[in-house]
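Those protein sequence lines, which keep their order, are chains A and B. The numbering used here puts the first residue of the first sequence at 183, with every later residue one more than the last. The numbering used here puts the first residue of the second sequence at 31, with every later residue one more than the last. Each residue gets a CB set at the ideal place from its N, CA and C atoms; glycine is no exception. Just so you know, these numbers come straight off a predicted model, no measurement behind them.
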Amino acid sequence: MSSSTSSEVVVRARHLGKAYQLYARRGDWLKQVMFGWWKTYYKPFWVLRDVDLDVYRGESIGILGRNGCGKSTLLQVICGMTLPSNGELRVNGRIAPVLALGATFDAELSGRENIMIGGAVMGLKRTQILQKFDSIAEFAGIGDYMEQPVKHYSVGMRTRLAFAICAHVEADILVVDEALAVGDAAFQRKCLDWIDSFRKTGTLLFVSHSVVEVRRLCTRAIWIEDGRIRAHGEANDVIRAYHRALAMEKDDVHRFSARA
Amino acid sequence: MPSVNIVNGRQIVVEQLDPGQRLARFLAKPFEQMRDHQELIQAVLRRELRARFQGSVGGWFWAVVAPLVAIGVYTFAFTTNLQLPLADTMGSHRVAYALFIFSGIVVFNFFSEMAYRSPMLLHEYAHYIKQTIFPSDMLAVIAMLRATAYTVISVVVMLIFQLAVSGKLQWTALLIPFVFPPLMAFLAGMAWFLCAVGAFTRDAGYLMINIVPLFMFATPVFYPHNSLSPPWDLLIYANALTGYIEVMRDIVLLGKLPNPLVIGWILVTSISTFYFGYWFFDRYRNVIVDVI
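Right under this line is the structure:
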């Protein structure tokens, strides 16, 4: 890579790998911590292997793959939630992770308090959050529920609130992980429109099982299988290849149909 | 294998540094983290302080009442029928003995709140650590600051009580603010260590529940540290709280400047605990995220 383009690379991964440590018994964690320098007590379980990825500023990349293929782990590693086991990762810019929307809320707290903490986690200052509060509340559109504890919210409402926070972080990189599946149609459209406008200035990493959404939002796509990048390129080409692979498996589905 | 991880162009995991630079970076790191995340620390702390008395009508009233009741009970117990052989060593005023115990309790409660809570701390906040870019090392700092707030309330109640009963305060009580930073550093270090261990095994939490009450008797809360017989009067300083309680009593009750040797010992144990705790937590932090 030449030096002129490297300034525009916002996410750069080389040989990225992530292994979770699998233990036969629960107590082995402790042994590993105490005697790890002497002996290994776990089996490594590789969820990501040798992932190379360059994301340029302003690009939108769709990530396709089946459940458990390592998509979410890749996003978590990029967002800095877990460290990669090996490889090299470089991220330039503020990331807004739209992962597991609403799962991060404290159920006992009101929507308002969760906005204060959620915003602070994303790196906003208190004054900034207070400034944007009305706008966040309007985007979420949950009305008087804002003052209620989050435990009384429906899943859809949590998603609304969480997405509203993420939309106000002023991030450089937006990482969206199948987040919009639970919202109602109007809210999904609102989010997709917002993401669409975000793309004009920011970089997008987008995971979705909805190929339509990926096609609409993304210029490039990668297809991950078993923790490796299986295909990489023009969004339409990757989607087509992915579809073909899924169609081949359809035959198997008949074995499990409800009425034989 | 070399691993470089840069977020916002700032967080660098492995780089080429000579040992001196590496040490300097290590020593500065906890403070850099606190500075970078101060807004977040404030937001969570504010929430924690509010949550403590949430649902109660009294609210913060209880934070003042609890130490007041404790100090009242000690006074009642030691001025009426309970006779202790130590009472005359503490001067004529029997209230002095209540204050003597309370000044020990204040320090010990600060410690015990942290010791009970730390092993479960990361579990309590698992939803933040796993799903967001939450800086997990700051949780121990937040817990420590919360406990500090209650300790400060207790100390203020103690001083007001002393003023009300004896009519005067020792001028050395002005030194109390200098006792807090090393004590806070000591407990933060302990909290980092305990919450990292607690993340791996819940046994740490149960262990603390059993150990802490016993530990109270290995701490000079109910007796003066110098009432012990020769080998033990030095060995008790292995308990880092001893020094703090002695200093606290010196400056609040006796009005004399603390022994410089004790101060030196406090600083050494506290700073080393602080950095050991942080080193231990930092070392296992990426594993911790995957375990919880």
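DSSP assignment within the segment 230 to 304 of chain B yields the following whole alpha helix (DSSP H) runs of 4 residues or more, N-terminal first: 233 to 245, 260 to 265 and 270 to 279.
Restricted to the segment 65 to 105 of chain B, the alpha helix (DSSP H) segments that are unbroken, complete and at least 4 residues in length are 68 to 82, listed in chain order. For the segment 305 to 326 of chain A, the set of residues with a beta-carbon nearer than 7 Å to any beta-carbon of chain B comprises K307 and R308, in chain order. The DSSP-derived three-state label of B/F164 is coil. For A/T286, the chain B residues whose C-beta falls within less than 9 Å of its own C-beta are H157, Y158, K160, Q161, T162 and F164, listed in chain order. Shown here, A/I245 sits in a strand according to DSSP, grouped into three states. Along the segment 199 to 211 of chain A, going in chain order, the ones with a CB nearer than 9 Å to a CB of chain B are Y202, Q203, R208, G209 and W211.
Along the segment 261 to 272 of chain A, going in chain order, the ones with a CB nearer than 8 Å to a CB of chain B are C261, G262, M263, T264, L265, P266, N268, G269, E270, L271 and R272.
Pairing A/L356 with A/L386 gives a Cβ-Cβ distance under 8 Å.
With respect to the C-alpha of A/P331, the residue from A/L204, A/T341, A/N296 and A/A349 having the closest C-alpha is A/N296.
Annotation for A/I347: no beta strand (DSSP E) segment contains it, though the alpha helix (DSSP H) segment containing it runs V337 to A349.
Pairing A/L198 with A/L230 gives a Cβ-Cβ distance under 8 Å. DSSP places B/A203 outside any beta strand (DSSP E), giving it a letter other than H or E.
For the set A/R426, A/C373, A/G262 and A/H334, the Cα lying nearest the Cα of A/I347 is the one of A/C373. In the structure shown, B/G134 falls within a helical segment according to DSSP collapsed to helix, strand and coil. Contacts between B/Q192 and chain A, judged by CB atoms closer than 8 Å, are missing: the closest CB pair is about 37 Å apart.
B/P288 and B/D280 have their alpha carbons spaced roughly 6 Å apart.
DSSP lists A/N268 as the beta-bridge partner residues of A/G199. In the assembly as shown, B/D48 is an exposed residue. Its beta-carbon has fewer than 16 other beta-carbons within 10 Å. The C-alpha of A/V389 lies about 10 Å from the C-alpha of A/V280. B/T303 is not a Cβ neighbour of B/M174, given a cutoff of 8 Å. Around the beta carbon of B/V298, a 10 Å sphere encloses fewer than 16 other beta carbons of the protein chains shown; the residue is thus reported as exposed.
Per DSSP, the continuous alpha helix (DSSP H) segment holding A/R294 begins and ends at G293 to V303. Using a CB distance cut-off of 8 Å, B/L152 does not count as an interface residue toward chain A.
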